[in-house]
Amino acid sequence: MAKRNSAKVQGAKLSSAKVSGGKVSRVSTIDLLKAWWAHHKDSCSNSLLRLLSTPVQTFLTCLVIAIAIALPTGLFLSLQSAQQLGQGWQDSAQMSAFLERGAKPLAIEKLQASLEKNPSIKSIDVVSPAKALSEFQRYSGLGDVLLELDENPLPTVFIIQPVNTLDDTKQLSALQKTIEASPLIDTVQLDLGWLRRLHELLVLGERFVIALASLLSIGVLLIIGNTLRLAIENRREEIVVTKMVGGTNGFVRRPFLYTGLWYGIGGGLLSVVLLIVIGLWLADPINSLIGLYESEYSQGGLSVSAVAVLLLGSACLGWLGAWVAVARHLRQIEPT
Amino acid sequence: MICFDNITKRYGEGHDALGNVNFELASGQMAFLTGHSGAGKSTLLKLIMLIERPTRGNVLIGGKNLAQVSASQIPYLRRQIGVVFQNHQLLFDRSVFDNVALPLQISGMPAKDQGRRVRAALDKVGLLHKEKSNPLALSGGEQQRVGIARAVVNKPAILLADEPTGNLDPKLSAEIMQLFQDFKSVGVSVLIATHDISLINSMNCPIMELSDGRLIRNDIEHVASAAMEPH
Chain A
22 MAKRNSAKVQ GAKLSSAKVS GGKVSRVSTI DLLKAWWAHH KDSCSNSLLR LLSTPVQTFL
82 TCLVIAIAIA LPTGLFLSLQ SAQQLGQGWQ DSAQMSAFLE RGAKPLAIEK LQASLEKNPS
142 IKSIDVVSPA KALSEFQRYS GLGDVLLELD ENPLPTVFII QPVNTLDDTK QLSALQKTIE
202 ASPLIDTVQL DLGWLRRLHE LLVLGERFVI ALASLLSIGV LLIIGNTLRL AIENRREEIV
262 VTKMVGGTNG FVRRPFLYTG LWYGIGGGLL SVVLLIVIGL WLADPINSLI GLYESEYSQG
322 GLSVSAVAVL LLGSACLGWL GAWVAVARHL RQIEPT
Chain B
222 MICFDNITKR YGEGHDALGN VNFELASGQM AFLTGHSGAG KSTLLKLIML IERPTRGNVL
282 IGGKNLAQVS ASQIPYLRRQ IGVVFQNHQL LFDRSVFDNV ALPLQISGMP AKDQGRRVRA
342 ALDKVGLLHK EKSNPLALSG GEQQRVGIAR AVVNKPAILL ADEPTGNLDP KLSAEIMQLF
402 QDFKSVGVSV LIATHDISLI NSMNCPIMEL SDGRLIRNDI EHVASAAMEP H
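Protein chains in written order, with my numbering: chain A, 22 to 357; chain B, 222 to 452.
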C-alpha cells in the first residue's frame with residue numbers, strides 16, 4: 022500500500038509536465054538528426070556484433086559470397102594478364118623488312134632516313150647482320166655450329182613499328198607494299214592472322230567473364246537476400262513491437278541494411294584472401310610460362326586499387342541485396 | 222480525444238466486425254470496452270492504432286481525422302498512443318530498461334533524457350530496481366508493469382489496454398487498474414478492453430459493451446459536434 026502511494030506521488034511528478042497539453046513530448050530537429058546519426062552508429066555496430074555472435078554461420082555465409090566474387094575476379098585478372106601479354110605481341114605487330122644482302126651501309130642509312138619520314142611508321146630498329154647472327158646463336162641453340170660458317174648469311178633487317186596497329190589491316194598492307202617497292206628491300210614480313218585470332222579470343226574471354234560476373238553478382242544478391250530473410254524472420258517480434266510503438270520503416274530497415282553491408286564487406290575481404298592464396302599458388306608456373314614467351318610483362322596480381330574496387334563492389338552488393346530482401350519482407354510484417 | 226463517428230468495419234464480404242459505432246472518450250476519461258469474444262473489441266482498438274482502416278465513418282484522435290493520415294505518417298500517430306498488450310510483447314533480447322526505452326529511441330530523444338524518463342516510468346510502476354534484469358526473469362505481473370511503463374514512457378495522450386489483466390490474479394489486477402487510474406487522473410484518456418466482469422464492477426468507470434459489432438451499452442455520450450471542432 023505504501024508502495025502504491027509513493028508510486029502515485031511519483032506519477033504526479035512524472036506527469037505534471039504533460040497534463041496541460043496532453044501531447045507527446047516534442048523533440049527538436051537537431052536532436053532528431055543526432056538521434057538519426059546515433060541510430061546509424063548503433064545499427065552499424067550492433068549488426069556487426071550480432072553477426073560476430075554466430076561466427077561459424079557468418080563465416081560460412083561470407084565464404085559463399087567470397088567464392089562467388091573471387092571466381093569472376095580471378096578470371097578477370099587472368100584475362101587482364103593475357104591481354105597484357107597479347108598487348109606486348111600486338112605492339113610487335115611489327116614488320117620485318119629484310120634488305121638485299123649486298124646493300125651498302127650508306128644506302129641502308131639513306132633508306133632508313135627516308136622511311137622514318139613516312140607518317141605511318143613510328144620507329145625503325147636496324148638489326149645489323151652481325152647482331153642478328155649473335156642473337157641467333159644465343160637463342161637457336163645452334164651455337165658454335167654457326168661459327169663454322171664462312172660468312173654471315175643474314176641480311177640487315179629493319180624492324181618497323183607502324184603507328185596504326187592491327188585494327189587497320191588495309192593500311193598495314195598498304196604500308197607493306199610501299200616499303201617493298203624500294204629496290205633495297207628483299208621482302209617484308211607481316212603476319213596478322215594469329216594476332217587477330219588472339220584478339221578475338223580475348224574479346225570472347227572478356228564477354229565470358231562479364232557474363233559470369235553478372236550471374237554470380239545476382240547469386241550474391243540472392244544469398245544475402247535469403248540470409249536476411251531469415252534474419253528478419255528471427256526478429257519478427259521485435260519488428261512488430263517497434264512498428265507498434267511508432268518505429269518508421271526506415272528505423273526498422275536500418276539494422277538489416279547494415280547487416281547486408283557487413284556480409285558484403287566480409288565476403289569481399291575473404292575473396293581478397295582467396296585470390297591472394299590462389300595467386301601465390303599459381304605464381305611459379307605463370308612466371309615460368311612468361312619466361313618462355315620472353316615477355317617482360319609483370320605478373321598482374323591484385324593491386325591496391327583493385328582491392329579497393331572489389332571491397333566497394335562487394336559492400337554495394339551486400340547493401341543492395343539487403344534492400345531487396347528488406348523491401349520484400351518488412352512490408353509483410355505489420356502488427357495485427 | 223478519441224472519437225468514433227458512425228464507424229463500420231467490414232472484413233471482405235463477410236459480416237460487419239463493427240457496425241455504426243459512435244462514442245467519444247474525452248481527455249482524462251477512463252472507460253472499459255467489453256463484450257464477448259469476437260464482438261469487435263480488438264477491431265475497435267486496431268482502428269485507433271491504424272492497424273486497420275474503417276470501411277465507413279471517421280475516427281478522430283485529438284481532433285485529427287485518421288482518414289487523412291497517410292501510411293508514412295502512421296508511425297508518428299502511434300507515438301501519441303501508448304498500448305498495453307495482454308501478452309506484454311516485451312523483447313527478451315534486451316534488459317527491462319532497453320525495453321522501456323524503445324519508444325524514446327524511436328522518437329529520437331537524446332540518450333541522457335531517455336535515462337531520466339525510463340527511470341521515472343519504471344519508478345512509477347514500482348520496478349526501478351529491476352531495470353537491468355531481463356524481462357524473462359520477471360513474474361507475469363512484473364512483465365505487465367514493464368509493458369505499462371513502455372506504453373507511458375513517451376507520455377502519450379491516449380493509453381489503450383487489450384486484456385491487460387488477462388493472466389493475472391485479482392490482487393495483481395487491482396494494482397494494474399490502480400496504475401491506469403493514476404494515469405487517468407493526470408489527463409490521459411484510458412480505454413481498457415476486457416471481459417473481466419468482476420474487474421469492471423470493482424471500478425466506477427463508464428462502460429461500452431459490444432455485441433456482434435454493435436454498441437449495446439454506451440455510458441459515454443457521443444458529442445459529434447464537439448469532436449469535429451478543430452483543437
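Cβ coordinates follow ideal geometry from the N, Cα and C atoms, glycine included. Note that this is a predicted model, so its numbers are computed, not measured.
Run of the alpha helix (DSSP H) containing residue i, from where it starts to where it stops
i: residue 300(A); result: 270-313
i: residue 372(B); result: 361-373
i: residue 296(B); result: 295-299
i: residue 330(A); result: 325-351
i: residue 66(A); result: 50-73
i: residue 403(B); result: 391-406
Opening and closing residue of the beta strand (DSSP E) in which residue i lies
i: residue 238(B); result: 237-246
i: residue 141(A); result: Neither: residue 141(A) is in no beta strand (DSSP E) and is coded neither H nor E.
i: residue 440(B); result: Neither: residue 440(B) is in no beta strand (DSSP E) and is coded neither H nor E.
i: residue 361(A); result: It is not possible to answer for residue 361(A), since the shown part of chain A is limited to 22 through 357.
i: residue 183(A); result: 178-183
i: residue 428(B); result: 428-432
i: residue 279(B); result: 277-282
i: residue 229(B); result: 223-231
i: residue 120(A); result: 116-120
C-beta neighbour in chain A for residue i, strict 8 Å
i: residue 312(B); result: yes
i: residue 330(B); result: yes
i: residue 413(B); result: no
i: residue 324(B); result: yes
Cβ of residue i within 8 Å of any chain B Cβ
i: residue 357(A); result: yes
i: residue 97(A); result: no
i: residue 305(A); result: no
i: residue 80(A); result: no
i: residue 45(A); result: Reliability fails at residue 45(A), whose pLDDT of 47 lies under 50, so the model's placement of it is uncertain and no value is given.
i: residue 234(A); result: no
i: residue 258(A); result: yes
Cβ neighbours of residue i in the same chain (closer than 6 Å, five flanking residues each side left out)
i: residue 437(B); result: 430
i: residue 260(B); result: 431, 432
i: residue 55(A); result: none
i: residue 234(A); result: 93
i: residue 230(B); result: 238, 239, 264, 275, 276
i: residue 351(B); result: 317
i: residue 182(A); result: 115, 143, 144
i: residue 434(B); result: 237, 238, 239, 240, 261
Cα-Cα separation between residue i and residue j, rounded to whole angstroms
i: residue 197(A); j: residue 139(A); result: 12 Å
i: residue 379(B); j: residue 80(A); result: 47 Å
i: residue 338(A); j: residue 296(A); result: 19 Å
i: residue 273(A); j: residue 265(A); result: 11 Å
i: residue 354(A); j: residue 273(B); result: 14 Å
i: residue 155(A); j: residue 117(A); result: 18 Å
i: residue 292(A); j: residue 327(A); result: 12 Å
i: residue 339(B); j: residue 302(A); result: 59 Å
i: residue 97(A); j: residue 255(A); result: 38 Å
i: residue 347(A); j: residue 224(A); result: 38 Å
i: residue 44(A); j: residue 242(A); result: Residue confidence is low: residue 44(A) scores 44 on pLDDT, short of 50, so the model does not pin down where it sits. Its coordinate-derived value is still stated next. Taking the straight line joining both Cα atoms gives about 44 Å.
i: residue 295(B); j: residue 333(A); result: 36 Å
i: residue 66(A); j: residue 355(B); result: 22 Å
i: residue 42(A); j: residue 301(B); result: Low confidence applies here, because residue 42(A) scores a pLDDT of 37, under 50, leaving its location unreliable; read the following figure in that light. Looking at the two C-alpha atoms, the distance is approximately 12 Å.
i: residue 392(B); j: residue 241(B); result: 37 Å
i: residue 321(B); j: residue 315(B); result: 10 Å
i: residue 200(A); j: residue 89(A); result: 53 Å
i: residue 259(A); j: residue 323(B); result: 10 Å
i: residue 405(B); j: residue 247(B); result: 11 Å
i: residue 257(B); j: residue 335(A); result: 56 Å
Cβ-based neighbour list, residue i, same chain, cut-off 7 Å, excluding 5 preceding and 5 following
i: residue 68(A); result: 276, 279, 280, 283
i: residue 288(B); result: 279
i: residue 170(A); result: none
i: residue 261(A); result: 354, 356
i: residue 238(A); result: 338
i: residue 345(A); result: 242, 246
i: residue 385(A); result: Since the first and last residues shown for chain A are 22 and 357, residue 385(A) lies out of range.
8 Å Cβ shell around residue i - same chain, five flanking residues per side excluded
i: residue 418(B); result: 255
i: residue 383(B); result: 262, 263, 266, 304, 305, 306, 307, 414
i: residue 337(B); result: none
i: residue 364(B); result: 309, 311, 356
- [ ] Report yes or no: do three or more beta-carbon pairs, one from the region 379-388 of chain B and one from the region 404-422 of chain B, lie closer than 8 Å?
- [x] yes
Open item on the list: Count Cβ pairs between the region 363-378 of chain B and the region 296-315 of chain B that sit closer than 8 Å; are there 3 or more?
Closed with: yes
Task: Segment contact flag, the region 383-403 of chain B with the region 276-286 of chain B, C-beta cutoff 8 Å, min 3 pairs - done: The region 383-403 of chain B vs the region 276-286 of chain B: no contact.
Task: Segment contact flag, the region 225-238 of chain B with the region 420-428 of chain B, C-beta cutoff 8 Å, min 3 pairs - done: no
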